[in-house]
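Residue numbers (this note's numbering): 89 to 945.
All C-beta atoms, glycine included, are put in the ideal place defined by N, C-alpha and C.
The next block holds one structure in the form of structure tokens; read it before the comments.
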Ligand code: NAP
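Here is the structure:
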């Protein structure tokens, strides 16, 4: 094996690791004309496939997909013998790649990197190895893999055992013969599930210590699937392009249907078919919501458990093997071959550590709380310090000597999983914050390597030396990664995705769950926008296009994408009746909102005829406080039930009666008709509070958008006209002023549902220019806001009305009004009322409910 004499060598790039990522980046860098060296602890290439040589080790993404795509010639020269290749075959493949491109000459084996320091003055990295070598480079790349640092076996007495111990992730190269041995295996993740059936074939006795049962699908391994091969060979470019723009890095059709919208028989049929297909990804593509909808997830999880029950003879063992502690998919699904059947063998035994925990490993075996068992060998299949472990195992110090381990003390933050603020020219391949382990690793590795190499070329071409993420860009990405994770069930599991398998590790969702396609798009956009969020500097100067690549909340973006896909004409281009019909049609597709105790549709006398109202009553015993609610719709659209889901939410969550009152709309009835009706309705409800089942002393108003405008106005009127006593006002994205010159109108003029054009149209329908300074139209222009009821003002970042809402909150505050002001980042005008659709606004909605409860205390 190669061992370069490398003391004090200078390179363009130092790479750590010669696994799949290290090999490919070496190749790319050479092609691009950079000098590079890879430092590798092992004595050959292969990375994870070099170390994890346990019996049964195989890929769990089909071999044809688990292959490099960068060179069609390479693909043509290599044939996989199995659908899921074994570890030896994958290792041979990586050795073949290393040889084919003569990569070993740039690899220094048997070399552990101990430390890497950014040298500010020289603008370069200084890398120190355990062999005492010191190497320098402009760029420093960690290609150390996501699952490479074994987790310490945290079992009491682990060192006491007098027999032989093995770790699946550091398996002897000569193999192990378990014939006639009494073997204990601790751990039932992918490594345990793959190795246990094969160890059982040799051992005289096998005892599996299971702390958490796992979900597993049958691998149904065999030869490479002929249709798969044909599809690939028919058009390799298209196939790979589809993989690159797929959700998980494998081209698979994706359902558009949520689980419960499909008939039960059809669901079952699809699940059976998906299960029988024998792969990790298919089942999760059958429905849209399996990782976000707990009930859907529960159903499919039960499907998996039934499969276990059907395979395992002893009912108690079967039940113990059924995964129940976490939602399906929130730990990596395992692929199994004869795993469950192994427990039907007379010489196998399952110990459920939930019932009988290990007390200690002893010199001769393992003591649980119930029995002492003797073994010849113990196999630890206890996993890895995933995603960050191998990176911070090197003492990496960026600007001012700051250590990465300290920076990541509360969890890793990166920009795109590629770079870290404070660590110029430092890159991680498939680092935390990128799709990595949630995708076909090869596709993600190739994407990162291509991006990184292109970035190096960009700097070289521009006469620049360093690239470093800004703090703001990194923070924005970290928020985006968390926002995505929080839309799913993943954070509830004690998984290695969450760092939860390593005692003391911060609980943070480590990979990016938005998908390979979405992620690639973000990375590409960063480049297209002149490396948005990166500082670029060197002899040719310094510049930075500061910014956050994804600030719209992911679920809001999904709504925007959906709306865009409908290609509806802008409302303001339609005749009013068609605009109203379009709004109602869209409303019909919303999630319905929570059940309330009672709904009454009725009418109340308004100043110019009857007005519809819809009353929502909580299921709890009354009398309840009353919230008079004014709907949105730009004074033109909408009606008493048009904000139905939001009203239901306010009713149940604040335990108040909500009376959504209608008012006359423009252009048929222009200003001040809506104001007169809104105020008239308030008075009628105040006078009739008790007959409505409410508490006459507890009355608040609320409104969204144009309804927020009316809510502010009725509060001002009630104050000036000695009207009803109002306990509080909830103003959600209120229109408060006729000024279109605010920054929020400029920034959010279009693209976020409520556009500047639409708002202009609403105003034109509602009132003449000459009326617009009237505080009953532009309440922000009221001479004084003294003496108004306590207020909660909620504004959305990406809303043209944001600044006027903010200004109204500030002006009330300055006038001595008790104001709670919530500014919702990444949300649009329509987010906050989109109950059960924009779940990222749930905390804001909760705050609104708390605010209403606060009015009544
Ligand atoms: P893992 O999924 O983290 O599983 C470790 C197992 O050890 C779990 O069952 C865990 O129980 C148990 N364990 C850990 N500490 C323990 C303790 N102190 N006492 C008792 N039990 C303990 O690790 P892995 O199986 O090595 O797999 C890690 C990842 O590597 C996989 O998710 C997959 O991404 C990758 N992998 C892939 C393949 C493949 O098919 N290509 C094969 C192997 C691995 P708890 O769950 O209770 O913590």
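- When the beta-carbon positions are compared, residue 345 and residue 375 come within less than 8 Å of each other.
- Taking each of 912, 542, 460 and 302 in turn and checking the Cα distance to residue 582, the smallest one comes out for 302.
- Secondary-structure assignment with DSSP links residue 98 through a beta bridge to 224.
- With a cut-off of 8 Å on Cβ pairs, the segment 408-422 is not in contact with the segment 445-462, counting fewer than three such pairs.
- Put simply, of 839, 594 and 774 the residue whose alpha carbon is nearest the alpha carbon of residue 650 is 839.
- Nearest C-alpha to residue 730 among 675, 722 and 717: 675.
- Excluding sequence positions up to five before and after residue 382, its CB lies within less than 8 Å of the CB of 415 and 577, all in the same chain and listed in chain order.
- A distance below 8 Å separates the beta carbons of residue 219 and residue 199.
- Using a C-beta cut-off of 8 Å, the segment 811-818 makes no contact with the segment 828-845, since fewer than three inter-stretch Cβ pairs fall below that distance.
- Counting along the chain, no alpha helix (DSSP H) covers residue 517, and no H or E run does either.
- When the five nearest sequence neighbours on each side are left out, the beta carbons in the same chain lying within less than 7 Å of the beta carbon of residue 245 are those of 448, 449 and 450, in order along the chain.
- The beta carbon of residue 500 is closer than 6 Å to those of 476 and 520 in its chain, skipping five residues each way along the sequence.
- Contact between the segment 800-814 and the segment 621-630 is absent, with fewer than three C-beta pairs closer than 8 Å.
- Under DSSP, no beta-bridge partner is assigned to residue 202.
- For residue 439, the secondary structure class from DSSP, reduced to helix, strand or coil, is strand.
- Going by DSSP, residue 311 is part of no alpha helix (DSSP H) at all; its letter is neither H nor E.
- Judged by DSSP in its simplified three-state form, residue 507 adopts strand.
- Contact between residue 347 and residue 384 holds, with the beta-carbon distance rounding to 3 Å and staying under 8 Å.
- At a cut-off of 7 Å, the beta-carbon of residue 137 does not count as near ligand 1: no heavy atom of the ligand is closer than that.
- No Cβ-Cβ contact shorter than 8 Å links residue 929 with residue 937.
- Judged by the Cβ position, residue 584 qualifies as a neighbour of ligand 1 at the 7 Å threshold, a heavy atom of the ligand being closer than this.
- The alpha carbon of residue 687 has as its nearest neighbour, out of 728, 655 and 663, the alpha carbon of 728.
- Listed in chain order, the alpha helix (DSSP H) runs fully inside the segment 869-935 are 890-902, counting runs of at least 4 residues.
- Residue state for residue 388 is assigned as helix, using DSSP reduced to three classes.
- Taking the Cα positions, residue 852 is about 13 Å away from residue 725.
- Between residue 328 and the set 160, 908, 183 and 944, the nearest pair of CA atoms involves 160.
- For residue 335, the number of other beta carbons within 10 angstroms of its own is at least 16, and it is reported as buried.
- DSSP places residue 461 within a strand segment (E or B) once states are collapsed to three.
- In the DSSP assignment, residue 213 falls within the unbroken beta strand (DSSP E) covering 212-217.
- For residue 703, the enclosing beta strand (DSSP E) covers residues 697-705.
- In the three-state reduction of the DSSP assignment, residue 606 falls in the helix class.
- Between residue 362 and residue 349, the beta carbon gap of about 17 Å keeps them out of contact (Cβ cut-off 8 Å).
- Placement of the Cβ of residue 649 at a distance of 7 Å or more from every heavy atom of ligand 1 is found.
- For residue 816, the uninterrupted beta strand (DSSP E) run begins and ends at 816-820, by DSSP.
- The residue among 151, 184, 186 and 181 with its C-alpha nearest the C-alpha of residue 170 is 151.
- Short of 7 Å from the beta carbon of residue 178, and not among the five residues preceding or following it, lie these beta carbons of its own chain, in chain order: 137 and 147.
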